[in-house]
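There are 2 protein chains.
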Amino acid sequence: MNYPGRIRVVQYGLGPIGLECIRALFRKPAEAIELVGAIDNDPDKFGRTVGELAGVSCDEVVSDEAKSTLHNLQPDVVLHTTGSSLEQVQSQLLQCILAGADVVSSCEELSHLTEQNFLVGYELDQAAINFGVTLFGTGVNPGYAMDVLALTATGVCTRVNSVKVVRRVDAGKRRLPLQKKVGAGLSCEDFKALADKMEIGHAGLQESCLMVMKGLGIEEGYVRQTVKPVIATATVETSDLTIQRGQVAGIHQVAVAHKYGREVVSLELYMYVGADNPTDLIMVDGDPPIRMEIEGGIHGDTATVGALINAIPLVSASEAGLISALDMPIPRCFLP
Amino acid sequence: MNYPGRIRVVQYGLGPIGLECIRALFRKPAEAIELVGAIDNDPDKFGRTVGELAGVSCDEVVSDEAKSTLHNLQPDVVLHTTGSSLEQVQSQLLQCILAGADVVSSCEELSHLTEQNFLVGYELDQAAINFGVTLFGTGVNPGYAMDVLALTATGVCTRVNSVKVVRRVDAGKRRLPLQKKVGAGLSCEDFKALADKMEIGHAGLQESCLMVMKGLGIEEGYVRQTVKPVIATATVETSDLTIQRGQVAGIHQVAVAHKYGREVVSLELYMYVGADNPTDLIMVDGDPPIRMEIEGGIHGDTATVGALINAIPLVSASEAGLISALDMPIPRCFLP
């Protein structure tokens, strides 16, 4: 909470999460945080006011010219919510860095660098250091439910044999894009075809798994990941979709890291329409053993927005470069 | 985990927690962390070897000369476990600072400064800054169960109305000093006399409450605290004590902070012999609402040791001065 005066924020990306971030920011005290602009290249959005799109009292006009807007506004922090692929958002992040702004991004691949993304991440890290800004990727998952909470659960253990996390989400209670992302309504054949091309499933599970390993001080290693369909055993309806019995309702995705000849970290994500008993459960086999559960699970859409906006005052006080949740202070709600 | 090479540690204080810290350190990889000495002024302890007292393979002789021992050994970190009162341990902490060592201490009053301790804390902070070392107070409570976890639970909330924490500990499963601390076996009159002199109850609840408030960005305010006895409704026996029906079994201690005309933070600690359903429960009234529970509760003695030793690599990488858990990275087990 070590920010000198009001934090000036630009929202980059006005999808559902971006708009919800704006609404949440407007509920914070105006003397602490201020939205100074918004960027989106969707022709349905730029040129209109933030107020019109987000339903808040704000006359700022949405810009599609990121570079000039960022240079003109000189925000302290950019809230970046445009995509999951680091390669695809790299140039957007660079624009923010070059404008001298700290960045909090929902880009899943930014939360922790995998080998595949190491080079892109390295370039962003160097640029951020050169421009004296902080770059941080977070959200509910990756960024909280299956990594930060899992590590925090081990914080009082003198010894840890293994950490197992189970997250069960009823995709039917989430937005349509998430339902699509987990394959709800697909046939098994279509699911399999997409899975073979790695085009289905939750982005970020590998990142979470590597983050937990690194947090525990274990040399990073190979993470084995599987994505399987969960098949609807009866017809289920959401407000947007009808899924017939035998169609795909969603995913069961697992990431496991081995070390010392055993499973050290195991992350299991069930995300399907109709999932009953939603939960976030963390089991630490250690001394003392810890069984931590969030009853009913954490609602992902609101929680992603919470993770993003709560990071704003924390990145403001962080050192320059690409940092991960391992470098950040404990997460906490920012001015309740 | 940003330490260059092996961390050299001195254990200052060889009570039950200190000895358990030594045992836990000896289970960590020797190339990462090394016990280089131990200090205690108990005539039953100094002059004997660490190995003899802690049951580990170590020939270092326990010293009662803190100043010269610290200057000779030049440890990276001192694990300090001698007392709860900041005023009483101030000179010990200064010895560590003057020897250029980072300090992780179990002193409850060091975890977060109250108004009463502000001056002592300020002096220690200035000394630590001048000598370029970090001073950090932690443990399971304060330091984890009722503050760090409570804040972490709010980390994905866009809004928090209130945070309520309930910790129920069966004191009968803890060490005798803790049973005595909560008044187990006293008559109601004796309990009341001690409570009036503020000589009974758990040290650190006020600190936890203030830490949660500060973490949420709420200006610190007055914390109202009450300590009431829990009366045994039947005779209960521990391995050390027999408590008759009608005698005190332990405490029900509450700390509450108000703001905006309502209870914002409420911490309830039940610590008595025979407490059933031990638990650590955190309820966030916010968006999203969070109900986080650690089934069976966190076992305090082991967890205090875990909190202390897990902080070692984190303070090594922290900035100079007296810091609190609010400044620290997320807690995590250090080399499982």
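So the protein lines, in turn, are chains A and B.
Under this note's numbering, the letters of the first sequence match residues 150 to 485, in that order.
Under this note's numbering, the letters of the second sequence match residues 150 to 485, in that order.
For glycine and all other residues, C-beta sits at the position ideal for the given N, C-alpha and C.
The model shown is predicted, which means the values in this text are computed figures rather than measured ones.
Residues that DSSP places opposite residue i in a beta bridge
i: F280 (chain A); result: BP columns for F280 (chain A) are empty, so no partner.
i: E417 (chain A); result: A:V315 and A:V403
i: Q160 (chain A); result: A:A187 and A:L228
i: V253 (chain B); result: B:L228 and B:F285
i: K194 (chain A); result: According to DSSP, K194 (chain A) bridges with nothing at all.
i: K408 (chain A); result: A:R411
i: S217 (chain A); result: BP columns for S217 (chain A) are empty, so no partner.
i: P378 (chain A); result: A:I400
i: T391 (chain A); result: A:E386
i: M441 (chain B); result: A:I443 and B:I431
i: V210 (chain A); result: A:T198
i: P478 (chain B); result: A:P478
i: R324 (chain B); result: Answer is none; R324 (chain B) lacks a bridge partner.
i: G423 (chain B); result: G423 (chain B) pairs with nothing; no bridge assigned.
i: M436 (chain A); result: Contrary to the premise, residue 436 (chain A) reads as Asp rather than Met in this sequence. A:R308, per the DSSP bridge assignment.
Residue from the options with nearest C-alpha to residue i
i: G154 (chain B); options: B:A466, B:L471, B:S473 and B:L475; result: B:A466
i: R316 (chain A); options: A:P291, A:V305, A:S336 and A:T307; result: A:P291
i: I461 (chain A); options: A:E183, A:D339 and A:T218; result: A:E183
i: D191 (chain B); options: B:K177, B:G204, B:L343 and B:P165; result: B:P165
i: L284 (chain B); options: B:H229, B:D319 and B:V305; result: B:H229
i: V318 (chain B); options: B:S240, B:E338, B:A398 and B:K346; result: B:A398
i: V403 (chain B); options: B:I472, B:G196, B:E272 and B:V314; result: B:V314
i: G470 (chain B); options: B:D274, B:P178 and B:R394; result: B:D274
i: E442 (chain B); options: B:R157, B:K346 and B:T301; result: B:T301
i: D434 (chain B); options: B:T198, B:A299 and B:K329; result: B:A299
i: V379 (chain B); options: B:G423, B:M347, B:V372 and B:Y409; result: B:G423
i: T382 (chain B); options: B:A333, B:H448 and B:L222; result: B:A333
i: V295 (chain A); options: A:P224, A:E468, A:L484 and A:H351; result: Contrary to the premise, residue 295 (chain A) reads as Met rather than Val in this sequence. Looking at the Cα atoms, A:H351 is the closest of the given residues.
i: M347 (chain B); options: B:V331, B:M362 and B:V269; result: B:V331
i: V158 (chain B); options: B:V185, B:D339, B:D213 and B:F483; result: B:V185
i: S212 (chain A); options: A:I188, A:D251, A:V199 and A:L202; result: A:I188
i: L327 (chain B); options: B:G286, B:I349 and B:G270; result: B:I349
i: I392 (chain A); options: A:I156, A:K329, A:K363 and A:G304; result: A:K329
i: H407 (chain B); options: B:A342, B:P178, B:L359 and B:G304; result: B:L359
i: R394 (chain A); options: A:C337, A:L343 and A:G410; result: A:C337
i: E468 (chain A); options: A:E169, A:Q160, A:D251 and A:E201; result: A:D251
i: Y293 (chain A); options: B:P178, B:T303, B:K194 and B:V405; result: B:T303
i: N459 (chain B); options: A:N279, A:V305 and A:S357; result: A:V305
i: G410 (chain A); options: A:V199, A:S311, A:I156 and A:C256; result: A:S311
i: T421 (chain B); options: B:P485, B:V405, B:K377 and B:E444; result: Residue identity check: residue 421 (chain B) is Tyr in the sequence provided, not Thr. The residue with the shortest Cα to Cα distance from Y421 (chain B) is B:K377.
Rounded straight-line distance, which links the Cα of residue j to that of residue i
i: E264 (chain A); j: Q244 (chain A); result: 24 Å
i: L335 (chain A); j: Q396 (chain A); result: 6 Å
i: G281 (chain A); j: G249 (chain A); result: 7 Å
i: L354 (chain B); j: T375 (chain B); result: 10 Å
i: N266 (chain A); j: E258 (chain A); result: 8 Å
i: V309 (chain B); j: V414 (chain A); result: 31 Å
i: G167 (chain A); j: S254 (chain A); result: 10 Å
i: A276 (chain B); j: V464 (chain A); result: 28 Å
i: V238 (chain A); j: I400 (chain A); result: 26 Å
i: V289 (chain B); j: D450 (chain A); result: 32 Å
i: V226 (chain A); j: L475 (chain A); result: 20 Å
i: G196 (chain B); j: G162 (chain B); result: 14 Å
i: M432 (chain B); j: T307 (chain B); result: 15 Å
i: A452 (chain B); j: G446 (chain B); result: 11 Å
i: D345 (chain A); j: H448 (chain B); result: 45 Å
i: L222 (chain A); j: A215 (chain A); result: 10 Å
i: Q241 (chain A); j: A456 (chain A); result: 21 Å
i: Y371 (chain B); j: E272 (chain A); result: 48 Å
i: R373 (chain B); j: L430 (chain B); result: 21 Å
i: S260 (chain B); j: V269 (chain B); result: 13 Å
i: E444 (chain A); j: V199 (chain B); result: 45 Å
i: L202 (chain A); j: S217 (chain A); result: 22 Å
Any non-hydrogen atom of the ligand GTP closer than 6 Å to residue i Cβ
i: V305 (chain B); result: Absence of the ligand GTP from the depicted structure is noted, as is the absence of any ligand whatsoever, leaving it without description.
**OP:** Pick out the complete alpha helix (DSSP H) segments inside the stretch 337-375 of chain B, 4 residues or longer, and give them in chain order.
**Re:** 337-345 and 354-364
**OP:** Would you be able to state if there are at least three C-beta pairs under 8 Å between the stretch 158-175 of chain A and the stretch 474-484 of chain A?
**Re:** no
Original post:
Touch check for the stretch 323-337 of chain B and the stretch 377-394 of chain B: three-plus C-beta pairs under 8 Å?
Top reply: yes
**OP:** Report yes or no: do three or more beta-carbon pairs, one from the stretch 201-211 of chain A and one from the stretch 226-236 of chain A, lie closer than 8 Å?
**Re:** The answer is no - the stretch 226-236 of chain A does not touch the stretch 201-211 of chain A, with fewer than three Cβ pairs under 8 Å.
Original post:
How do the stretch 360-373 of chain B and the stretch 437-455 of chain B stand: do at least 3 beta-carbon pairs fall below 8 Å, yes or no?
Top reply: no
Original post:
With a cut-off of 8 Å, do at least 3 Cβ pairs link the stretch 414-424 of chain B to the stretch 413-433 of chain A?
Top reply: The stretch 414-424 of chain B is not in contact with the stretch 413-433 of chain A.
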